[in-house]
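Visitor: The following block contains the structure, expressed as structure tokens.
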Amino acid sequence: MSDFLWWRDGVIYQIYPRSFADSNGDGIGDLPGITGKLDYLADLGVDAIWLSPINPSPDKDFGYDVADYKGIDAKYGTMADFEELVKQAHERKIRVILDLVMNHTSDQHPWFIESRSSKDNPKRDWYLWRSSPKGKNAPPNNWQSIFGGKAWDYDEQTDEWYYHMFVKEQPDLNWRNPDVRTEMISVFRFWAERGVDGFRLDVFNEFFKDDQFRDNPRKFGIRPFDQQVHIYDADRPEMMGVVEEIRATLDAYPERYAVGETFLADPKTSAKYCGDGKLHAAFNFAFIHFPWKPDKFLKFILEWEATLGETWPNYV
Numbered sequence: 130m131s132d133f134l135w136w137r138d139g140v141i142y143q144i145y146p147r148s149f150a151d152s153n154g155d156g157i158g159d160l161p162g163i164t165g166k167l168d169y170l171a172d173l174g175v176d177a178i179w180l181s182p183i184n185p186s187p188d189k190d191f192g193y194d195v196a197d198y199k200g201i202d203a204k205y206g207t208m209a210d211f212e213e214l215v216k217q218a219h220e221r222k223i224r225v226i227l228d229l230v231m232n233h234t235s236d237q238h239p240w241f242i243e244s245r246s247s248k249d250n251p252k253r254d255w256y257l258w259r260s261s262p263k264g265k266n267a268p269p270n271n272w273q274s275i276f277g278g279k280a281w282d283y284d285e286q287t288d289e290w291y292y293h294m295f296v297k298e299q300p301d302l303n304w305r306n307p308d309v310r311t312e313m314i315s316v317f318r319f320w321a322e323r324g325v326d327g328f329r330l331d332v333f334n335e336f337f338k339d340d341q342f343r344d345n346p347r348k349f350g351i352r353p354f355d356q357q358v359h360i361y362d363a364d365r366p367e368m369m370g371v372v373e374e375i376r377a378t379l380d381a382y383p384e385r386y387a388v389g390e391t392f393l394a395d396p397k398t399s400a401k402y403c404g405d406g407k408l409h410a411a412f413n414f415a416f417i418h419f420p421w422k423p424d425k426f427l428k429f430i431l432e433w434e435a436t437l438g439e440t441w442p443n444y445v
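Yeah, the sequence shown ends on 445 if you go by my numbering, and it's all consecutive.
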């Protein structure tokens, strides 16, 4: 074993801020509450805390609908509270990981409010807008929302549809737009400069969609979402360039870490996103669906580690 790496060898403790510790008695957990529990976490032997989203959000999806990537939701505290949390955590040798939700924003994000205001708005192309041959009567293609129903919502004002893989209040960003990409890379720098040690990237392999918006092939499944092979709305090849840019950005700061939630991906696909020059790790969800049989687990573990090579494995 080489020298200790906090993200590889340490204990990472996930915190859902809203319910963890309430410092002011308003019934909502907050950042000062977490700060007040750091000694307790240190006594547990925790090496890092992973905070679920703390950005301003209308909370249509438990904070995963972000309205400001560089702000703190007022119900959790202030930026000063966050900086104090990081300072106190570091004094106890506890690292801080943030959840970053970059596939989509809230529909209340200023970018989307501008985007939907008119077809000519400079931020129109920051999101995925499409017209349909059938107008308002049918969406542009057959893509489905993971939460049920079509993944497209019709906008009366501009007579176009916008895409959302999740709820309609979470429009997907257009990562093919270079301005979106530049702005998102700046988010990593913003938080790294405030002492954040690592990032969990929510559904990061969904950032790019097929540029021709082709229909997904059909297959057997219980729900409409499961009745498609998701080859055009996930894991597009353009993602690799972004993965490399994220890693290069983080490597400019000492001992930073990034792990990707590879939503819908099989282990082989997850593995391609991590390693030298890419993410440090990627989630592997295969165990969730496994039968509880030791031989099955062993076979899969050996295959997964062989696929990863020198990259550190991750299991969910």
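Just so you know, even glycine gets a beta-carbon here, dropped at the ideal spot from N, CA and C.
I want to know whether the region 274-292 touches the region 169-186 - three or more CB-CB distances under 8 Å.
Guide: These segments do not touch.
Visitor: Taking the alpha-carbon positions, what's the Asp159 to Lys216 distance?
Guide: Spanning the two alpha carbons is a distance of roughly 16 Å.
Visitor: Go ahead and label Ser274 buried or exposed: buried means 16 or more other beta carbons lie within 10 angstroms of its beta carbon, across all protein chains shown.
Guide: Classification of Ser274: buried, given that the 10 Å Cβ count is 16 or more.
Visitor: Where DSSP assigns a beta bridge to His233, which residues make up the other side?
Guide: BP columns for His233 point to Asp301.
Visitor: From Ser244 to Asn250, what distance separates their C-alpha atoms?
Guide: In a straight line, the C-alpha of Ser244 is about 6 Å away from that of Asn250.
Visitor: Between Val296, Ala321, Trp281, which has its C-alpha nearest Pro383's C-alpha?
Guide: Here the closest residue by C-alpha is Ala321.
Visitor: What separation, rounded to the nearest whole angstrom, lies between the Cα atoms of Val140 and Leu229?
Guide: In a straight line, the C-alpha of Val140 is about 20 Å away from that of Leu229.
Visitor: In the structure shown, what three-state DSSP assignment does Gln143 receive?
Guide: Correct three-state label for Gln143: strand.
Visitor: The beta strand (DSSP E) that contains Arg118, what's its start and end?
Guide: No answer is possible for residue 118: the residues shown for the chain start at 130 and end at 445.
Visitor: When the Cα atoms are used, what is the spatial distance from Asp132 to Glu312?
Guide: The alpha-carbon atoms of Asp132 and Glu312 are separated by roughly 35 Å.
Visitor: Taking C-beta to C-beta, are Thr378 and Phe328 nearer than 7 Å?
Guide: No, they are not a contact pair.
Visitor: Which partner residues of Trp441 appear in the DSSP bridge assignment?
Guide: Answer is none; Trp441 lacks a bridge partner.
Visitor: Could you say which of Tyr256, Ile163, Asn270 lies nearest to Pro262 if we only look at CA atoms?
Guide: It is Asn270 whose Cα lies nearest to the Cα of Pro262.
Visitor: Ignore the nearest five residues each way along the sequence and tell me which others in Val332's own chain have a CB closer than 6 Å to its CB.
Guide: If we look at Val332 and ignore the five residues flanking it on each side, its Cβ neighbours are Asn232, Glu390, Phe392.
Visitor: Are the beta-carbon atoms of Ala363 and Val388 separated by less than 7 Å?
Guide: Result no, Cβ atoms of Ala363 and Val388 do not sit closer than 7 Å.
Visitor: Val309: which of Lys401, Gln286, Asp254, Asp197 sits nearest, CA to CA?
Guide: The shortest Cα separation from Val309 among Lys401, Gln286, Asp254, Asp197 belongs to Asp254.
Visitor: Return the residue from the list Pro366, Thr440, Trp136, Ala280 that minimises the CA-CA distance to Asp339.
Guide: Ranking Pro366, Thr440, Trp136, Ala280 by Cα distance to Asp339 puts Pro366 first.
Visitor: Going by alpha carbons, who is nearest to Ala267 out of Tyr256, Ala280, Phe276, Leu257?
Guide: Of Tyr256, Ala280, Phe276, Leu257, the residue nearest in Cα terms is Ala280.
Visitor: Indicate whether Pro185 and Asp172 have their beta-carbon atoms separated by less than 7 Å.
Guide: No, they are not a contact pair.
Visitor: In three-state DSSP terms, what is Ala363?
Guide: DSSP places Ala363 in coil when its eight states are reduced to three.
Visitor: Within a Cβ cutoff of 8 Å, which residues of the same chain sit near Phe149, ignoring the five residues on either side of it in sequence?
Guide: Answer for Phe149: Gly158, Gly162, Ile163, Lys166, listed in chain order.
Visitor: Assign Ile351 to one of three DSSP states: helix, strand, or coil.
Guide: Ile351: coil per DSSP, three-state reduction.
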